[in-house]
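Step one of this worksheet: look at the structure below.
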Amino acid sequence: MLAALRRVAGMAVTLVVASFIIFAAMYAAPGDPVTFLIGNPENLTPERIAAVRAEYHLDQPLLVQYWLWLSGALGGDLGTSFQYHQPVADIMASRMPATLALVAYAAVLFTVVGIGLGVWAAVRRGRATDSAIVGATTLAASFPSFVVGILLVSFFSVQLGWFPVTGAGDGFLDGLHHLTLPAIALSVGALAIVSRVTRQSMVEQFDSEHVEAARSTGMGGAAVVVRHVLRNAWGPIVTMVALVIASLLAGTVVVESVFGISGIGSLLVDAINTHDFPVVQAVLLYMVVAYMIVTTVVDLLLPLLDPRIGNRVKTS
Numbered sequence: 003m004l005a006a007l008r009r010v011a012g013m014a015v016t017l018v019v020a021s022f023i024i025f026a027a028m029y030a031a032p033g034d035p036v037t038f039l040i041g042n043p044e045n046l047t048p049e050r051i052a053a054v055r056a057e058y059h060l061d062q063p064l065l066v067q068y069w070l071w072l073s074g075a076l077g078g079d080l081g082t083s084f085q086y087h088q089p090v091a092d093i094m095a096s097r098m099p100a101t102l103a104l105v106a107y108a109a110v111l112f113t114v115v116g117i118g119l120g121v122w123a124a125v126r127r128g129r130a131t132d133s134a135i136v137g138a139t140t141l142a143a144s145f146p147s148f149v150v151g152i153l154l155v156s157f158f159s160v161q162l163g164w165f166p167v168t169g170a171g172d173g174f175l176d177g178l179h180h181l182t183l184p185a186i187a188l189s190v191g192a193l194a195i196v197s198r199v200t201r202q203s204m205v206e207q208f209d210s211e212h213v214e215a216a217r218s219t220g221m222g223g224a225a226v227v228v229r230h231v232l233r234n235a236w237g238p239i240v241t242m243v244a245l246v247i248a249s250l251l252a253g254t255v256v257v258e259s260v261f262g263i264s265g266i267g268s269l270l271v272d273a274i275n276t277h278d279f280p281v282v283q284a285v286l287l288y289m290v291v292a293y294m295i296v297t298t299v300v301d302l303l304l305p306l307l308d309p310r311i312g313n314r315v316k317t318s
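Oh and the sequence shown: position 220 is 222 in the numbering used here, straight run, nothing missing.
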């Protein structure tokens, strides 16, 4: 109970500090949003500038602006977009499904393939298969996602015509068709990380005493892997998968831009280019909250997967 309260208090403090940094950073950035809000340079009169600053509370001290923004955000009001003149919450709600679908698709790919390759490499450790998987995943991790995306579009979309070049599609099957290449581009680097962590975690378990004891009883190789090696290796694997998913929720900017997907990432790029501060602040806040939620869920799930972790938490 005490650990849970400390966790909640820590999350609250982290969220407040992160939200202030996000808010203050926007107003430290070069450029005046008033210029964009007024638009036509001929309307940049002192009276018009003063009216716009008052309308958007830009004439208030920074702490007052922060409090107005934070209190509104806690109530679900993320402000009004300077560019679209619509509630930021509505804009994000319209863009969120594409990003979540892309991240979910990529998460399935890098989790299944990454863990599968890691298990295969660990079981065949020291052999040619192990070296090939380690070498291939190291090479995959060295390619930026936008390079992978461009290569995929060039070959599978332009030359072969198997997949659409841009868009997120409509409906489940059409969405899968449109998001296959973006999800692959997003998951290549992630599956390399998950594969390496899975392999390393399993290799450490292979060398442990309880695995040697299981083997001495005559237990078969597959049973040892499932009951003793993989079961005790889940902690680092699940943690890494969750951290990668959390990073993807904030890292779809490049892939969405390459594939022309109207998601949160592309919204952030447009907002930065147009000094649309309310949208930038809201998107960055979403990224922080998403990361905190994912990591918290993992902390709650790990003791269920590995009772040893739960015992350590209780005694701490």
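Yeah, the Cβ is synthetic: ideal placement off N, Cα and C, and Gly gets one too. Keep in mind the model is a prediction, meaning the values are calculated, not measured.
Residue i in three-state terms, based on DSSP
{"i": "proline 184", "result": "helix"}
{"i": "alanine 146", "result": "The question names alanine, but residue 146 in the sequence shown is proline. The answer is coil: DSSP assigns proline 146 none of H, G, I, E or B."}
{"i": "proline 280", "result": "helix"}
{"i": "threonine 140", "result": "helix"}
{"i": "proline 63", "result": "coil"}
{"i": "valine 89", "result": "The amino acid occupying residue 89 in the given sequence is proline; valine does not appear at that position. It is a strand residue."}
{"i": "threonine 297", "result": "helix"}
{"i": "threonine 168", "result": "coil"}
{"i": "threonine 82", "result": "strand"}
{"i": "leucine 287", "result": "helix"}
{"i": "serine 210", "result": "coil"}
{"i": "alanine 103", "result": "helix"}
Short Cβ contact (8 Å threshold) for residue i with residue j
{"i": "serine 197", "j": "glycine 116", "result": "yes"}
{"i": "alanine 225", "j": "serine 203", "result": "no"}
{"i": "valine 155", "j": "proline 280", "result": "no"}
{"i": "alanine 100", "j": "alanine 192", "result": "no"}
{"i": "valine 190", "j": "phenylalanine 145", "result": "yes"}
{"i": "phenylalanine 1", "j": "valine 243", "result": "There is no way to answer for residue 1, as the model of the chain reaches only from 3 to 318."}
{"i": "leucine 250", "j": "methionine 289", "result": "no"}
{"i": "alanine 194", "j": "threonine 140", "result": "yes"}
{"i": "glycine 1", "j": "alanine 170", "result": "Outside the displayed span of the chain (3 to 318) sits residue 1, for which this structure offers no information."}
Assumed close pair residue i, residue j - CB separation to whole angstroms, cut-off 8 Å
{"i": "isoleucine 266", "j": "methionine 28", "result": "About 17 Å separates the two Cβ atoms, so there is no contact after all."}
{"i": "valine 199", "j": "isoleucine 263", "result": "Not quite, the Cβ-Cβ distance comes to about 28 Å (not below 8 Å), so this is no contact."}
{"i": "valine 319", "j": "alanine 142", "result": "Any property of residue 319 remains undetermined from this structure, which presents the chain solely from 3 to 318."}
{"i": "arginine 201", "j": "alanine 123", "result": "4 Å"}
{"i": "valine 136", "j": "valine 227", "result": "Going by Cβ atoms, the distance from valine 136 to valine 227 rounds to 18 Å, so no, they are not a contact pair."}
Whole-angstrom distance between residue j and residue i, CA atom to CA atom
{"i": "leucine 104", "j": "threonine 113", "result": "14 Å"}
{"i": "leucine 65", "j": "valine 291", "result": "21 Å"}
{"i": "glycine 173", "j": "phenylalanine 158", "result": "22 Å"}
{"i": "alanine 53", "j": "valine 19", "result": "31 Å"}
{"i": "alanine 248", "j": "valine 260", "result": "21 Å"}
{"i": "tyrosine 86", "j": "proline 166", "result": "28 Å"}
{"i": "threonine 16", "j": "methionine 294", "result": "9 Å"}
{"i": "methionine 221", "j": "glutamate 211", "result": "14 Å"}
{"i": "alanine 11", "j": "glutamine 88", "result": "34 Å"}
{"i": "threonine 182", "j": "methionine 98", "result": "18 Å"}
{"i": "proline 63", "j": "valine 36", "result": "16 Å"}
Within-8 Å CB hit, residue i to chain D
{"i": "glycine 74", "result": "In the displayed structure, chain D is absent; only one protein chain is listed."}
Determine contact between the region 65–83 and the region 281–300, defined as no fewer than three beta-carbon pairs at a distance below 8 Å. yes
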